DNA sequence: TCAATAGTTCAATAGCATCGAACTACAATG
DNA sequence: CATTGTAGTTCGATGCTATTGAACTATTGA
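Below you can see the structure in the form of structure tokens.
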């Protein structure tokens with residue numbers, strides 16, 4: 002059916018939703034990758050490789066519905082960008098603090 | 002069997018564990034209550050009333066294993082206190098930022 | 001010792017996550 | 001315009017986790 006993407010308004014974004022979305026290691030990694038990328042990123046780029054596409058799609062849906070990312074169709078692909086600024090209005094420092102903490106964990110995620 | 006409580010060392014505390022634990026509204030509320038209480042708090046005090054005791058027990062176990070709370074038997078009850086300071090060493094500002102954001106959400110306690 | 005209180009453990013069920021398969025939508029080429 | 005390829009979505013099934021009531025342990029007080 003390919004319905005258009007639903008993005009919550011800033012008002013509709015909840016702390017529970019954000020924490021729930023970022024509590025999953027895969028989704029946290031996706032957000033980190035989008036943040037680290039120089040520009041908006043398509044789904045396959047941002048998600049782990051070995052994962053089923055349907056699972057990817059599900060994770061992006063959760064991130065979208067939590068208000069963490071904005072997804073837009075750009076031709077054949079979907080590009081995703083963070084909504085950090087918008088979230089920052091409602092929850093100051095929340096996402097940056099979490100992402101900074103994520104860096105602490107693995108030392109900035111150096112591949113080897 | 003009533004085995005002794007297991008608390009992870011600060012090193013063993015992970016961001017995923019913290020986010021996972023706090024992603025649940027019930028557990029977030031428990032942590033907020035303990036934080037807001039003047040002193041350490043027993044389980045029944047900190048948890049929602051209508052909840053089954055087994056579920057309470059489970060939630061406290063998750064919080065404990067995430068490293069968010071410290072539980073100690075004090076007579077017939079178990080008192081719980083936050084490990085904010087210890088967590089702050091590894092993840093500076095993380096828990097305070099989340100709890101502050103939780104206040105934003107409902108205006109601390111205004112229903113409408 | 002008996003009853004009450006505070007939590008824990010266990011087994012069963014209910015709800016969510018993951019996956020493969022089939023599908024849609026767009027782009028590029030013949 | 002049909003064909004092929006690419007990027008995601010949707011769906012149905014299965015497998016893991018959350019919640020619960022019931023039975024249990026441990027401590028306190030009468």
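Protein chains in written order, with the numbering used here: chain A, 2 to 113; chain B, 2 to 113.
Glycine included, every Cβ here is placed at the ideal spot set by N, Cα and C.
Computed from a predicted model, the values in this text were never measured in an experiment.
In this structure, the alpha-carbon of residue 10 (chain B) lies about 11 angstroms from that of residue 69 (chain B). Taking C-beta atoms under 8 angstroms as the contact rule, residue 57 (chain A) and residue 48 (chain A) qualify, at a distance of about 4 angstroms. Counting along the chain, no alpha helix (DSSP H) covers residue 83 (chain B); the unbroken beta strand (DSSP E) around it starts and ends at 78 to 83. Residue 77 (chain B) sits exposed, since fewer than 16 C-beta atoms from the chains shown fall within 10 Å of its C-beta. Taking 7 angstroms as the threshold, the shortest C-beta distance from residue 47 (chain B) to chain A does not fall below it.
From the beta-carbon of residue 9 (chain A), no residue of chain B is found nearer than 9 angstroms; the closest lies around 14 angstroms away. Under the 10 Å beta carbon count, residue 75 (chain A) is surrounded by fewer than 16 other beta carbons and is classified as exposed.
As the crow flies, the alpha-carbon of residue 19 (chain B) is around 18 angstroms from that of residue 6 (chain B).
Within the same chain, Cβ atoms closer than 8 angstroms to the Cβ of residue 46 (chain B) are found at 34, 38, the five residues on either side in sequence being excluded. Nearest CB-CB separation between residue 61 (chain B) and chain A: not below the 7 angstroms threshold.
Taken through DSSP and simplified to helix, strand or coil, residue 72 (chain A) comes out as strand. Of the residues B:79, B:41, B:100, the one whose Cα lies closest to the Cα of residue 62 (chain B) is B:79.
Listed along chain A are 98, 99, 102, each with a C-beta nearer than 8 angstroms to that of residue 95 (chain B).
Taking CB atoms only, residue 23 (chain A) has a neighbour in chain B less than 7 angstroms away. Straight-line measurement puts the Cα of residue 21 (chain A) at about 17 angstroms from the Cα of residue 71 (chain A).
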